[in-house]
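Numbering (the working numbering), first residue to last: 19 to 301.
Don't be surprised by glycine CBs; every beta carbon is placed ideally from N, CA and C.
Since this is a predicted model, take the numbers as computed values, not measurements.
Here is the structure we will look at.
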């Protein structure tokens, strides 16, 4: 009887031992499974299974970062009249890489003279500068001119030095008060062609304008930098924005008071330019 009890106890111990081992294995398996499942959930947003195509909802897009060089330039605003004049001349606002502009809208030998300035990426009529009636060459405005043709060149040109018989009225341009020895050379064969020269020590010209003899025309003037870089022999010289009340030999003339106002407004630091347009009938 005792032997049977011992056998029964032994069997029970083995059963319990096996059961504990099985339960332990189940716990280990469950732990591994749970850990793998959680890890998989954590990586689902960033992993696309091999051999499958990610949908739009599954792909994380990175915003495109635009560098300063890639940004499109801010649109330049211009008055309607200036926009129309630019179009007529075949120009765009991209050609206006400066901050002061005088527009010469020619009608035969007459011209409408307008003044514009750019501030904060916007062109406006210049403050305190009125539109005035002026004059161009006796034979009008042309794309190509030659020495002595009495034509004014069409185009956009920078404005250079101011000069005159009279004292500097207060311009922000470089200004030269001429003397009796000041000459503007118009001889195409001269090394000084289309330049202002003081004195005759190095004279190599047969033709020049002695500035001091031309009053009121050269009381005040500003050089229009046409035919300067390079200087082409015979392509024309001595084109100015100057004082005057009638047709010229090629310069642009405006009344005395307007010329003083223009000089006081012009500023070399703003890179002033002049745009001279042909008459509508000549386009």
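Following the continuous alpha helix (DSSP H) through residue i, name the residue where it begins and the one where it ends.
i: residue 260; result: Counting along the chain, residue 260 falls outside any alpha helix (DSSP H), though it belongs to the beta strand (DSSP E) covering 258 to 261.
i: residue 283; result: 274 to 283
i: residue 100; result: 98 to 107
Could you check whether residue j and residue i sit closer than 9 angstroms to each other, using their CB atoms as the reference points?
i: residue 134; j: residue 120; result: yes
i: residue 103; j: residue 277; result: no
i: residue 151; j: residue 115; result: no
i: residue 270; j: residue 229; result: no
i: residue 245; j: residue 212; result: yes
i: residue 222; j: residue 210; result: yes
i: residue 256; j: residue 268; result: yes
How long is the line joining the alpha carbons of residue i and residue j, rounded to whole angstroms?
i: residue 295; j: residue 149; result: 16 angstroms
i: residue 274; j: residue 143; result: 20 angstroms
i: residue 297; j: residue 139; result: 29 angstroms
i: residue 94; j: residue 231; result: 44 angstroms
i: residue 146; j: residue 96; result: 18 angstroms
i: residue 266; j: residue 153; result: 7 angstroms
i: residue 92; j: residue 113; result: 15 angstroms
So the beta strand (DSSP E) residue i belongs to, where does it begin and stop?
i: residue 114; result: Premise fails: residue 114 is in no beta strand (DSSP E) and is neither H nor E.
i: residue 298; result: Per DSSP, residue 298 belongs to no beta strand (DSSP E) and is neither H nor E.
i: residue 229; result: That residue, residue 229, is in no beta strand (DSSP E); it is neither H nor E in DSSP.
i: residue 151; result: 150 to 153
i: residue 239; result: 239 to 242
i: residue 132; result: 128 to 137
i: residue 200; result: 200 to 203
i: residue 214; result: 214 to 216
i: residue 178; result: 173 to 182
Tell me which residues share the same chain as residue i and place their Cβ nearer than 7 angstroms to its Cβ, disregarding the 5 neighbours each side in the sequence.
i: residue 189; result: 180, 281, 282 and 284
i: residue 226; result: 201, 202, 203, 204 and 205
Looking only at its own chain, which residues have a Cβ that is under 8 angstroms from the Cβ of residue i, when we skip the five neighbours before and after it?
i: residue 286; result: 190, 191 and 192
Among residues of its own chain, excluding the 5 on either side of residue i, which ones have a beta-carbon nearer than 6 angstroms to its beta-carbon?
i: residue 136; result: 117
i: residue 262; result: 235 and 271
i: residue 288; result: 117 and 118
i: residue 174; result: 291 and 293
i: residue 161; result: 172
i: residue 178; result: 241 and 243
Could you check whether the stretch 233 to 245 touches the stretch 179 to 191, counting it as contact only if at least three pairs of C-beta atoms, one from each stretch, sit closer than 8 angstroms?
Because the criterion of three Cβ pairs below 8 angstroms is met, the stretch 233 to 245 and the stretch 179 to 191 touch.
(message) Between the stretch 152 to 159 and the stretch 205 to 216, can you find at least three pairs of beta-carbon atoms closer than 8 angstroms?
(response) Segments in contact, no.
Next on the checklist: Across the stretch 243 to 263 and the stretch 160 to 173, are there enough close Cβ pairs to call them in contact, namely three or more that are closer than 8 angstroms?
Outcome noted: The stretch 243 to 263 makes contact with the stretch 160 to 173, as at least three CB pairs between them are under 8 angstroms.
* **Touch test, the stretch 193 to 203 against the stretch 211 to 219, Cβ-Cβ under 8 angstroms, three pairs minimum** => The stretch 193 to 203 is in contact with the stretch 211 to 219.
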